[in-house]
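>
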Amino acid sequence: MPELPEVETVARSIAPLVGRRIISAEFRCVRVLRGGDPDRMAARIQGHRISAIKRYGKFIVVSLEGGGYLMIHLGMTGRLLLAGPTGKHTHAVLTFDRGVLLYDDSRQFGCLEFSEEFPARVARLGPEPLEIPFAEFAARVKSHKTRIKALLLNQAFVRGVGNIYADEALFRAGIHPLALSSRLRSERMRRLYDAMVAVLTEAIAAGGSSISDYVDAEGRKGFFQFSHRVYQRTGEPCVTCGTLIRRVLVTQRSSHFCPRCQHR
DNA sequence: ATCGGTACCTGCACGC
DNA sequence: TGCGTGCAGGTACCGA
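Start counting the first sequence at 157; every next residue gets the next number (the numbering used here).
Shown next as structure tokens:
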């Protein structure tokens, strides 16, 4: 579900919780709770106010007043919701002095993790794609020798790009997903950089893509799915040239592309 | 050190 | 209606 634009939208929609105090916390699922006893974690965060909420790639980091960080990753089907009802996939319930926050995740690929220090997993991520300068982007592309699609999905390369926006950026740049990163010439890297920035910026403005179940914390769907040009459009005509969109696996992920518009 | 394949979990759409 | 199959926005871990 959630890539950078969706996570950004969710982070913005829970921003009203900044300054609110956590009255109680309940963690119901050990699998999504990384490294920690549910009750001890609940006891640790109860009574503390939230001082900041910030997105890093696909992670949301909630800072507590007086120290401590709650890191949230939504995996494929994770949702943060500012209202109920709770269901069989509700794995965490945070009750505030005003309001509630639920964590819901049917596939349980997401996670919640508390740490006293800034989370190491977040610190290890690559740069933000909307902040990195082109020269640094180009240098990083050249320093890897892999399929360009795989590189875009690598969170240590840039953080936050997932399967939808990798495919959409490659289409806009006219680059085949199997193209080798180390062989991309500067002009094509520039097109890829511009396409990545544009597609992410437009998707944030649209509130993200709602394919099946993504909604923000207020339950609102995004509408960038209506602007997808190749993602999950296998067999449909290319919006540019009419050639049928094809699907190929790159590192076990579906990759959608136009065989005429996108070159290796 | 880097890469690609596999595993993790649930739900849905599809064909028979 | 039910069952098997394949697919789905994610990352971690393994061995080559």
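Every residue, glycine too, gets a C-beta built ideally from N, C-alpha and C.
(1) Mark H419 as exposed unless 16 or more other C-beta atoms lie within 10 angstroms of its C-beta, in which case mark it buried.
(2) Flag this pair as yes or no: are the beta carbons of L308 and A325 separated by less than 8 Å?
(3) Around the C-beta of I179, are 16 or more other C-beta atoms found within 10 angstroms, so that it is buried, or is it exposed?
(4) How many angstroms separate the CA atom of E108 from the CA atom of A373?
(5) Quick one: what does DSSP say K214 is sitting in, helix, strand or coil?
(6) Using CA coordinates, which residue listed in F382, R402, A294, G398 is at the minimum distance from T390?
(7) Whole-angstrom Cβ separation of T165 and G363, contact assumed at under 8 Å?
(8) Note down, in chain order, each residue of its chain lying with its Cβ closer than 6 Å to the Cβ of R211, except the 5 sequence neighbours on either side.
(9) State the DSSP-derived secondary structure class of M227, mapped to helix, strand or coil.
(10) Leaving out the 5 sequence neighbours to the left and right, which residues in its chain are closer than 8 Å to E221 when beta-carbon positions are compared?
(11) Taking the continuous beta strand (DSSP E) assigned at F327, which residues delimit it?
(12) Quick check on A312: does DSSP put it in helix, strand or coil?
The relevant details are as follows:
(1) Working through the first sequence from its first residue, we reach residue 419 at position 263. Exposed is the call here.
(2) Locating residue 308 in the first sequence gives position 152, where the first residue counts as 1. Locating residue 325 in the first sequence gives position 169, where the first residue counts as 1. Their beta carbons are under 8 Å apart, which means L308 touches A325 by this criterion.
(3) For the purposes of this step, residue 179 is identified with residue 23 of the first sequence, where counting begins at 1. Classification for I179: exposed.
(4) Because the chain here runs from 157 to 420, residue 108 falls outside it and cannot be looked at.
(5) Translated into the one-based positions of the first sequence, residue 214 becomes position 58. K214 falls in the coil class under three-state DSSP.
(6) Within the first sequence, numbered from 1, the residue matching residue 390 stands at position 234. The option with the nearest alpha carbon to T390 is R402.
(7) Against the first sequence, residue 165 aligns to sequence position 9. Against the first sequence, residue 363 aligns to sequence position 207. Rounded, the Cβ-Cβ distance is 5 Å, consistent with contact.
(8) As a first step, residue 211 must be located in the first sequence, where it is residue number 55. Taken in chain order, the residues that qualify are V163, E164, A167.
(9) As a first step, residue 227 is located in the first sequence; it is residue number 71 there, counting from the start. M227 falls in the strand class under three-state DSSP.
(10) Sequence index remark: in the first sequence, residue 221 carries index 65 (1-based). Within the same chain, E221 has close Cβ partners H204, R205, I206, S207.
(11) For this step, residue 327 is matched to residue 171 along the first sequence. Run containing F327: none in the beta strand (DSSP E); it sits in the alpha helix (DSSP H), 319-329.
(12) In the first sequence, counting from the first residue as 1, residue 312 sits at position 156. Three-state result, A312: coil.
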